[in-house]
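The sequence shown begins at -15 in our numbering and counts up by one. Cβ coordinates follow ideal geometry from the N, Cα and C atoms, glycine included. See below for the structure under consideration.
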Amino acid sequence: MVKFRDHEKLQLLTGERQSGGERSLTTILYLMSLTEEARAPFSLVDEINQGMDQRAERAVHNSLVEVTCRPESGQYFLITPKLLPDLNYHERMKILCVNNGEWLPEEKGLGNMMGLIDNVLRARQANRANSAS
């Protein structure tokens, strides 16, 4: 039984009554509650954030980080074709970006993810060095 608005009564979760984003939100919150209660070596969720509005997606991401980055939590895999900018990340998280598809540039050197990451890390180190002096 779920409700998403203050003025509604609890309703049965069905494919006809709630939107795709509401069903996704309910599903991931249920899975997170299981994560806290059931010990499993890993969990995998595929495209759970599809159909969610940005507010719900950001709230779910923050809750996922809080629940899954505890020392006693098992591994958690979230597969998604998109993420919002400026999300919170935990030091125990590892982000793997897979670039695949027809849209990849043919020009050598463009789209090199490791090169982009290296550039960001160098810029951060330079900023730290400049602020320390």
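Residue i in three-state terms, based on DSSP
i, result
"Ile12", "helix"
"Met97", "helix"
"Asn103", "helix"
"Ser47", "helix"
Pair within 7 Å by beta-carbon distance, residue i and residue j
i, j, result
"Tyr60", "Ser8", "no"
"Leu68", "Arg42", "yes"
"Ile79", "Val44", "no"
"Gly(-1)", "Gly35", "no"
"Val49", "Asn72", "yes"
DSSP bridge partner residues for residue i (one or two, in chain order)
i, result
"Leu28", "Phe61"
"Val(-14)", "Gln(-5)"
Burial state of residue i (16 or more Cβ within 10 Å)
i, result
"Ile101", "exposed"
"Thr64", "exposed"
"Leu62", "buried"
"Met77", "exposed"
"Thr52", "buried"
"Leu18", "exposed"
"Asn111", "exposed"
For residue i, the nearest candidate out of the options (CA to CA)
i, options, result
"Cys81", "Gly99, Lys92, Leu18, Ser3", "Gly99"
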